[in-house]
Ligand code: RUQ
Ligand code: CUA
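In the numbering used here, the protein residues as written are 95 to 709.
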């Protein structure tokens, strides 16, 4: 009850009861629509990318209440993530990532609730989270030849691929040195097709396309008529390598890349493509039909395919318009070779032949989302607003005066980056809500000093006019988000004993214990309320001690932790799960271990001792 006074709340609750008690009625009287009373559940899961926190934040929509953090690229002691053998192996040598664009898995163009994919812009990786247990299952990368994995991870309509484009260009293969002054000649960008196994979700790099050293920015995948294609904007077609603020803002138009990923797949299947660092690297100059450039107005940022797949909308952040491309016309243009030139062997499609219109949405347009009712919503960074406008077809009058396409505008606080409508990147968006993800907070809410949180604002888009409903804060620093109706996801309650395939799992205290081979000590341990078996572990100083800890509980949320004093270890084990983790017993003495996750009335009693005998 953060925002409503008691009498107002009373009225609101009454209002709800009056209209059937639905928490998602999007009623026009504002606040009640998003109010989710205690004990009630949200309608959607909202997955925020955590930016340079390296995590994913899960919230409910419409309440915007945060439910969980899913650690991905960064250790999280509260989840025991980054302490177990498996999570350490997944994170590799890095302790952070920069998560920008979460992408939900899809089947036939709609979310199937199986996985969430996220990118790491900093270390060129992609990760897969299972939505059965909300845990990170795989981290792929650093992806060979790829530097600055920003334009990622965009999921194709049947999760065939995650499509990934580079923000930075480097000499290839990675690790090669060339002077930065030779940027234009020696540096390249890359588009990667990351293959996703349809059964297991296992990711691998399928192929790559070499590009000029443009900075690829945002992307999206096609659908319907544009299925098989993916689109990225670029900034810096100037190919500048210093003072980008000025030097990459020279040209009036940059290029979008239209990449035919089905064709790329075909090229790799039918040709002997030279692998570079183990990945087939396609030169689009040698293989026609893989890539085309389309001019887009000044330093574009977002590019978003409409639900029908026909309209591809790109926003030039230094020009107050969004440009609507017609994919049908694009097709015709490439059939007729209607090109205005080429760059390094890649045809540049004639701008006028493929543009349906430029919509004057306002200052600093970044990203566009769709409600599935023919409306588009573009975030305006400079104006701190969201513009609502109509997709084509436009009537005669609108075509004469494109400002007529803009039907509504709402202010946000402040400097919006991404925005989100649930299902916007699918064929059937769910509409209802829009979440504005604002970069700056300025005087909203209590001050926490010089570093303020980002804000999220919930906007009701069920009516003609957008309506501001509520505001919330997020830890640093969401970029994009995805949202899916709650009933699409089917989380497990516990890891069932019969499904636990960890070879070192133990279920009975009789099978636990400590064994030694040289200086390698293995501990098979179980945890249950409120006891560890064994609760005494005796080792010699210098031993490598490996614990296989099984939490034998079969009750949801009955988590046990395992912290060892002064050993930088906190394992957290879910009901029915077995985790393996190791320490070096390099200090003589007696060190308590204890349950770190409150589990029962006797949680405090859940402890034991690690005895380390001096050498
Ligand atoms: S970006 S604020 Cu990293 Cu998605 Cu547009
Ligand atoms: Cu087990 Cu607390």
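Heads up, the beta-carbon is just placed ideally off N, CA and C, and yes, glycines get one too.
**Prompt:** Which runs of the alpha helix (DSSP H) fall wholly inside the stretch 256-318 and span at least 4 residues, in chain order?
**Reply:** 277-280
**Message:** Measuring only from the beta carbon, is residue 244 closer than 7 Å to any heavy atom that is part of the ligand RUQ?
**Reply:** Here the question's residue 244 lines up with position 150 in the chain shown. Because some heavy atom of the ligand RUQ lies under 7 Å away, the Cβ of residue 244 counts as near it: yes.
**Message:** I believe residue 327 touches residue 408 by the beta-carbon criterion, under 8 Å. Please report the beta-carbon distance rounded to the nearest angstrom.
**Reply:** For the purposes of this step, residue 327 is taken as residue 233 along the chain shown, with counting starting at 1. For the purposes of this step, residue 408 is taken as residue 314 along the chain shown, with counting starting at 1. Indeed, because the Cβ distance is near 6 Å, the residues count as touching under 8 Å.
**Request:** Classify residue 599 as helix, strand or coil using the three-state DSSP reduction.
**Result:** As a position in the chain shown, residue 599 is number 505, starting the count at 1. Residue 599: coil per DSSP, three-state reduction.
**Message:** Short of 8 Å in beta carbon distance, which residues of its chain neighbour residue 228, apart from the five on each side in sequence? Order them along the chain.
**Reply:** The count along the chain shown starts at 1 and reaches residue 228 at position 134. Around residue 228: 152, 162, 164, 585.
**Prompt:** Hey, is residue 194 close to the ligand RUQ, as in C-beta under 7 Å from one of its heavy atoms?
**Reply:** Within the chain shown, the letter at position 100 stands for residue 194. Judged by the Cβ position, residue 194 qualifies as a neighbour of the ligand RUQ at the 7 Å threshold, a heavy atom of the ligand being closer than this.
**Asked** Apart from the five residues on each side of it in sequence, which residues of its chain come closer than 7 Å, Cβ to Cβ, to residue 42?
**Response** The question about residue 42 has no answer, for the chain in this structure spans 95 to 709.
**Asked** How is the alpha helix (DSSP H) around residue 488 delimited, first residue to last?
**Response** On the chain shown, residue 488 is found 394 positions in, with the first residue counted as 1. Element bounds for residue 488: n/a, residue is neither H nor E.
**Prompt:** So, is residue 450 buried or exposed, given that buried needs 16 or more other C-beta atoms within 10 angstroms?
**Reply:** As a first step, residue 450 must be located in the chain shown, where it is residue number 356. With 16 or more Cβ atoms within 10 Å of its Cβ, residue 450 is classed as buried.
**Item:** Rounded Cβ spacing between residue 734 and residue 654 (contact assumed at less than 8 Å)
**Value:** Residue numbering for the chain in the displayed model covers 95 to 709; residue 734 lies beyond these limits and cannot be assessed.
**Item:** Nearest-residue set for the ligand CUA, Cβ under 6 Å from any heavy atom
**Value:** 624, 654, 689, 691, 692, 693, 697, 700
**Asked** By the 10 Å Cβ neighbour count, where 16 or more other Cβ atoms means buried, how is residue 271 classified, buried or exposed?
**Response** The sequence position of residue 271 within the chain shown is 177, counting from 1. Answer is exposed; the Cβ neighbour count stays below 16.
**Message:** Given the structure, does residue 197 come close to the ligand RUQ, in the sense that its CB is under 7 Å from one of the ligand's heavy atoms?
**Reply:** The count along the chain shown starts at 1 and reaches residue 197 at position 103. Outside the cutoff, so no.
**Message:** I'd like to know whether the C-beta atoms of residue 529 and residue 140 end up nearer to each other than 8 Å.
**Reply:** The count along the chain shown starts at 1 and reaches residue 529 at position 435. The count along the chain shown starts at 1 and reaches residue 140 at position 46. Yes, they are a contact pair.
**Request:** Output the distance between the C-alpha atoms of residue 246 and residue 484, rounded to the nearest integer angstrom.
**Result:** Here residue 246 is taken as the residue at index 152 of the chain shown, counted from 1. Here residue 484 is taken as the residue at index 390 of the chain shown, counted from 1. Rounded to whole angstroms, the separation of the alpha carbons of residue 484 and residue 246 is 27 Å.
**Item:** Near the ligand RUQ: residue 711 beta-carbon under 7 Å from a heavy atom
**Value:** The first residue shown for the chain is 95 and the last is 709, placing residue 711 beyond what the model contains.
**Item:** Cα-Cα separation between residue 703 and residue 179, rounded to whole angstroms
**Value:** Walking along the chain shown from the start, residue 703 turns up at place 609. Walking along the chain shown from the start, residue 179 turns up at place 85. Looking at the two C-alpha atoms, the distance is approximately 22 Å.
**Message:** Using 8 Å as the cut-off, can you tell me whether the stretch 473-488 makes contact with the stretch 498-518, which would need three or more C-beta pairs spanning the two stretches below that distance?
**Reply:** A contact exists between the stretch 473-488 and the stretch 498-518.
**Prompt:** Just curious, the beta strand (DSSP E) that residue 699 is in, first and last residue?
**Reply:** By 1-based counting over the chain shown, the position of residue 699 is 605. Unbroken run through residue 699: none, as it is neither H nor E.
**Message:** Using only the alpha-carbon positions, how far apart do residue 264 and residue 166 sit?
**Reply:** Start at 1 with the first residue of the chain shown, and residue 264 comes out as number 170. Start at 1 with the first residue of the chain shown, and residue 166 comes out as number 72. Their backbone Cα atoms lie some 26 Å apart in a straight line.
**Prompt:** Comparing the CB of residue 573 with every heavy atom of the ligand RUQ, is any distance shorter than 7 Å?
**Reply:** Residue 573 sits at position 479 when you count from the first residue of the chain shown. The answer is yes for residue 573.
**Item:** For residue 691, the first and last residue of its enclosing beta strand (DSSP E)
**Value:** Walking along the chain shown from the start, residue 691 turns up at place 597. Where residue 691 is concerned, there is no enclosing beta strand (DSSP E), given that its DSSP letter is neither H nor E.
**Message:** Can you determine whether any heavy atom of the ligand RUQ sits closer than 7 Å to the C-beta of residue 412, and answer yes or no?
**Reply:** What you label residue 412 is simply residue 318 of the chain shown in a count that begins at 1. No; taking the cut-off as 7 Å, the Cβ of residue 412 has no heavy atom of the ligand RUQ nearer than that.
**Prompt:** Taking DSSP as the reference, what is the three-state secondary structure of residue 211?
**Reply:** Within the chain shown, the letter at position 117 stands for residue 211. Strand at residue 211.
**Continuous alpha helix (DSSP H) stretch holding residue 254: start and end** = To locate residue 254, count along the chain shown from 1; it is residue 160. Where residue 254 is concerned, there is no enclosing alpha helix (DSSP H), given that its DSSP letter is neither H nor E.
**Prompt:** Quick one: is the Cβ of residue 461 within less than 7 Å of any heavy atom of the ligand RUQ?
**Reply:** Translated into the one-based positions of the chain shown, residue 461 becomes position 367. Residue 461 Cβ: within cutoff of the ligand RUQ.
**Asked** Using CA coordinates, which residue listed in 536, 468, 209 is at the minimum distance from residue 546?
**Response** By one-based count along the chain shown, residue 546 stands at place 452. That would be 536, whose Cα lies nearest to the Cα of residue 546.
**Prompt:** Distance, Cα to Cα, residue 146 vs residue 216?
**Reply:** Position 52 of the chain shown holds residue 146. Position 122 of the chain shown holds residue 216. Spanning the two alpha carbons is a distance of roughly 9 Å.
**Request:** Report yes if the C-beta distance between residue 262 and residue 242 is below 8 Å; otherwise report no.
**Result:** Counting from 1 along the chain shown, the entry for residue 262 is found at position 168. Counting from 1 along the chain shown, the entry for residue 242 is found at position 148. Yes. Within cutoff.
**Within 8 Å, strictly: CB atoms of residue 317 and residue 521** = Position 223 of the chain shown, counted from the first residue, corresponds to residue 317. Position 427 of the chain shown, counted from the first residue, corresponds to residue 521. Yes; because the gap between Cβ atoms is below 8 Å, this pair is in contact.
**Message:** Quick check: residue 181 and residue 175, are their CB atoms within less than 8 Å of each other?
**Reply:** Within the chain shown, residue 181 is the residue found at index 87, counting from 1. Within the chain shown, residue 175 is the residue found at index 81, counting from 1. When the beta-carbon positions are compared, residue 181 and residue 175 come within less than 8 Å of each other.
**Local conformation of residue 612 per DSSP, three classes** = Position 518 of the chain shown, counting from 1, holds the residue named residue 612. It is coil, neither helix nor strand.
**Request:** In angstroms with no decimal places, state the Cα-to-Cα distance between residue 291 and residue 297.
**Result:** For the purposes of this step, residue 291 is taken as the residue at position 197 of the chain shown. For the purposes of this step, residue 297 is taken as the residue at position 203 of the chain shown. Each residue's Cα considered, the two are about 6 Å apart.
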